[in-house]
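So the structure is just underneath, and the comments pick up after that.
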Amino acid sequence: MSGGPHDIVAGRLTVCAGGDEAVVERLRPVLAAYADPILPVAPVGAGQGVKLVDSALFAAQPGLIAEAARLGEELGVDESVLLAALGEGSAASRALAGAAARGSAHRFITGVREFLDKDLAVVRHLADESGARVGALQPVLAALDDALTEVPRA
């Protein structure tokens, strides 16, 4: 699943359902009460894998946004102006839109920190447990760790 309580209420939670496609199709009417899209991702367990990779990619973005904001500041660009402008270019993403809406990477990270902490702990644990390589995501996630040290826990 990807999304938050506001997505559930709006019926737009993303569900990646692992398992037999016929079973997923039988469950579709129930899932559709809170989810759209509903994506079959067989086999059983693949949904969790998709969720973890999605979480890792999302979690990497606030760290990159914080680094980009630092670079912009060093170049003399106001952070809120930078974030708004980047959101109109090829760097556009949901995470960048969230940061632009809040006017700073710091405020965005503050708003999503509890999800980042939880999701990253699971991603790192399962990657370690399974021997999966995080690869190039590792330094990007380290940038997020740096950004999180500047944001107090709620």
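Just add 3 to the spot in the sequence shown (first one is 1) and you have this note's numbering.
For each residue, glycine too, the CB sits at the ideal point set by N, CA and C.
Range of the contiguous alpha helix (DSSP H) that encloses residue i
i: Val143; result: 140-152
i: Leu89; result: 82-89
i: Ser58; result: 49-77
i: Asp122; result: 108-133
Segment limits, beta strand (DSSP E) that includes residue i
i: Pro43; result: 38-43
Per DSSP, cross-strand counterpart(s) of residue i
i: Leu16; result: Ala38
i: Ser5; result: Thr17
Residue nearest to residue i in terms of C-alpha spacing, selected from the options
i: Asp182; options: Leu42, Ile11, Ala38, Leu60; result: For residue 182 there is no data in the structure shown, the boundaries of the chain being 4 and 157.
i: Gln51; options: Leu129, Leu151, Asp148; result: Leu129
i: Leu60; options: Val137, Ala45, Leu16, Gly7; result: Val137
i: Tyr37; options: Leu78, Leu144, Met4, Ala135; result: Met4
i: Ala108; options: Pro142, Pro46, Gly66, Leu78; result: Gly66
i: Phe111; options: Leu140, Ile68, Glu77; result: Ile68
**Q.** Any 3 or more C-beta pairs closer than 8 angstroms across the stretch 92-102 and the stretch 120-127
**A.** no
Q. Per the contact definition of three or more C-beta pairs closer than 8 angstroms, is the stretch 80-89 in contact with the stretch 24-39?
A. no
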